[in-house]
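Student:
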Amino acid sequence: MLEEFVRWIRAYYQRPEGVIHLHETFITDNEHNYIKDCLNSRIVSSIGSYVESLEQRICEFTGAPHAVAMVNGTSALHLALLLCGIQPGDLIITQPFTFVATGNAIRYASADPVFVDIDRQTLGMSPHALADFLERQTIRQSNGFRYHKSSGRRIGACLPVHAFGHPVDMEGIMKICSAFQLPVIEDAAEALGSWHQQQHVGTWGMVGVFSFNGNKVVTSGGGGMLVTQDPDLASAALHLSRQAGTKENYSYWYDAVGYNYRMPNINAALGCAQMENLKIRLQKRKELTDAYQLFFAPYKLPVWQSPPQGVSNYWMQALRFPTEKERNKFVQYTNEQGIHTRPAWRLLSRFPMFANCYTGSLENAEFIEKHVACLPSVIQ
Ligand SMILES: Cc1ncc(COP(=O)(O)O)c(C=O)c1O
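Quick note on numbering: numbering that gives the first Met the number 0 labels position 204 of the sequence shown as 203, and the sequence is numbered without any gaps.
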């Protein structure tokens with residue numbers, strides 16, 4: 000299969016030689032036009048019409064009533080945690096199968112992650128694992144908050160991740176979190192264009208976060224977006240992202256320790272142009288998944304598709320092998336041939352800074368870590 004795959008993918012991309020990357024940015028005409036316009040306006044930093052226009056486009060596309068543009072998804076996650084009332088020492092329930100930024104943002108808020116297992120189909124947090132952790136390991140105290148029985152620490156929030164763009168079972172997660180009165184922050188960094196039950200991911204919880212990093216479905220070079228239903232939370236996010244400053248009689252007043260997290264106009268110009276053909280981008284990704292599925296079907300290797308009750312944006316193409324050995328052989332061979340593939344993420348709980356965090360049983364996450372390879376997810 001290995002030689003056939005390399006031949007097939009080179010033919011698919013019409014690149015008989017050279018490197019085929021995991022991600023490459025898909026650029027059309029208006030990126031050049033909007034960036035030029037932004038340069039001509041000489042308003043390139045964080046005040047400018049493209050920033051607001053990108054926020055509006057995200058609201059229109061996702062159905063979120065409020066959106067606040069940030070320098071990246073990690074900073075948006077950090078502010079989301081602060082604005083959901085996370086206190087130093089809190090525990091945040093999340094999944095170990097994610098990009099490291101999820102765990103880092105939790106640490107920026109001086110909290111610690113607790114890792115619960117994922118679902119093998121969605122690759123996101125398993126509602127069963129979440130309910131099991133909350134029922135067995137936590138207790139409600141008279142102040143209304145839940146506490147981790149063994150450490151005595153408060154459970155601050157639940158943070159599911161729409162991994163590889165596939166939508167988590169948000170209905171299941173929301174039911175449990177509302178029963179246990181926990182705020183939900185969705186890490187939808189990879190999932191612009193993904194839906195669970197016809198509702199865009201990122202709009203189910205109290206706050207959702209998207210990333211516009213260069214490898215995402217839509218990029219602004221670097222960038223992020225915080226979305227929420229709550230107008231007060233949105234205005235607090237905007238305030239904190241601009242150093243918590245307000246203008247008073249031509250001078251500035253700062254009422255808190257703020258952050259320099261607002262997206263620059265020049266990045267937003269790029270993002271606005273990319274949003275214009277989002278539907279085409281999503282369609283091309285689905286076509287790529289179907290092409291992979293057709294190729295790998297005779298070898299009985301499943302390619303990830305949308306979970307039931309959801310539509311994925313197919314940000315990252317993923318393939319499941321029967322054994323870790325076969326997966327590793329595939330990754331090694333393809334990379335030697337200039338085809339960039341890689342093993343699925345290492346679990347966050349393996350990294351030294353998260354090694355001491357509480358984990359439930361991670362059977363599914365460990366299975367995915369060993370058996371999955373990521374495939375070139377380039378559209379052109
Ligand atoms: C799951 C996940 N969370 C958070 C982030 C952080 O986003 P950014 O790179 O824009 O800071 C990323 C990726 O880039 C991600 O993939």
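Idealized CB from N, CA, C, for every residue including glycine.
1. Express the C-alpha separation of Thr61 and His77 in angstroms, rounding to a whole number.
2. Are the beta-carbon atoms belonging to Tyr49 and Ile265 less than 9 angstroms from one another?
3. Can you pull the DSSP bridge partners for Gly244?
4. Just to confirm the assignment, what range does the alpha helix (DSSP H) spanning Cys58 have?
5. Check whether the Cβ of Ser74 sits closer than 8 angstroms to any heavy atom of ligand 1, and report yes or no.
6. Which residue marks the beginning of the beta strand (DSSP E) containing Gln316, and which one marks its end?
7. Please go through the same chain and pick out, in chain order, the residues whose beta-carbon is closer than 8 angstroms to the beta-carbon of Ile46, but skip the five residues on each side of it.
8. Label Thr27 either buried or exposed according to how many other C-beta atoms from any shown protein chain fall within 10 Å of its C-beta, with 16 as the threshold for buried.
9. Express the C-alpha separation of Leu277 and Leu287 in angstroms, rounding to a whole number.
10. Let's test the definition: count the other Cβ atoms within 10 Å of the Cβ of Trp252 and tell me whether it reaches 16, buried, or not, exposed.
11. In this structure, does DSSP put Ser376 in helix, strand or coil?
12. Count the C-beta pairs between the region 14–25 and the region 326–344 that are closer than 8 angstroms, then say yes if the count reaches three, no if not.
13. Quick one: what's got a C-beta closer than 8 angstroms to Met173's C-beta in the same chain, skipping five residues either side?
14. Taking 9 angstroms as the threshold (C-beta atoms), are Phe320 and Leu300 in contact?
15. Are the region 77–92 and the region 142–159 in contact at 8 angstroms, needing three or more beta carbon pairs?
16. Alpha carbon to alpha carbon, what distance is there between Gly102 and Asp111?
17. Do the region 190–210 and the region 55–75 make contact, defined as three or more Cβ pairs closer than 8 angstroms?
18. Can you tell me whether DSSP reads Cys157 as helix, strand or coil?
19. Restricting to runs no shorter than 4 residues, where is the alpha helix (DSSP H) found entirely within the region 291–369?
20. Could you check the C-alpha separation between Ala66 and Pro15 for me, to the nearest Å?
21. Alpha carbon to alpha carbon, how far is Ser215 from Ala162?
22. Can you name the start and end residues of the beta strand (DSSP E) that Asp36 belongs to?
23. Less than 9 angstroms between the beta carbons of His238 and Gly222, yes or no?
24. Given 8 angstroms as the limit, is there contact between the region 185–200 and the region 297–312, that is, 3 or more CB pairs closer than that?
25. How would you label Leu38, buried or exposed, when you count the other beta carbons within 10 angstroms and need 16 or more for buried?
Tutor: This is what the structure holds:
1. 21 angstroms
2. yes
3. Tyr253
4. 48–61
5. Correct: Ser74 has its Cβ closer than 8 angstroms to ligand 1.
6. 316–319
7. Correct list, in chain order: Asn264.
8. exposed
9. 15 angstroms
10. exposed
11. In the three-state reduction of the DSSP assignment, Ser376 falls in the coil class, being assigned neither a helical nor a strand state.
12. Yes, the region 14–25 touches the region 326–344.
13. If we look at Met173 and ignore the five residues flanking it on each side, its Cβ neighbours are Val183, Trp203, Gly204.
14. yes
15. yes
16. 8 angstroms
17. yes
18. strand
19. Unbroken alpha helix (DSSP H) runs of no fewer than 4 residues, entirely contained in the region 291–369, are found at 323–335, following chain order.
20. 43 angstroms
21. Residue identity check: residue 215 is Lys in the sequence provided, not Ser. Rounded to whole angstroms, Lys215 to Ala162 spans 12 angstroms at the Cα level.
22. No beta strand (DSSP E) contains Asp36, which is instead part of the alpha helix (DSSP H) from 28–40.
23. no
24. yes
25. Exposed: under 16 other Cβ atoms inside 10 Å.
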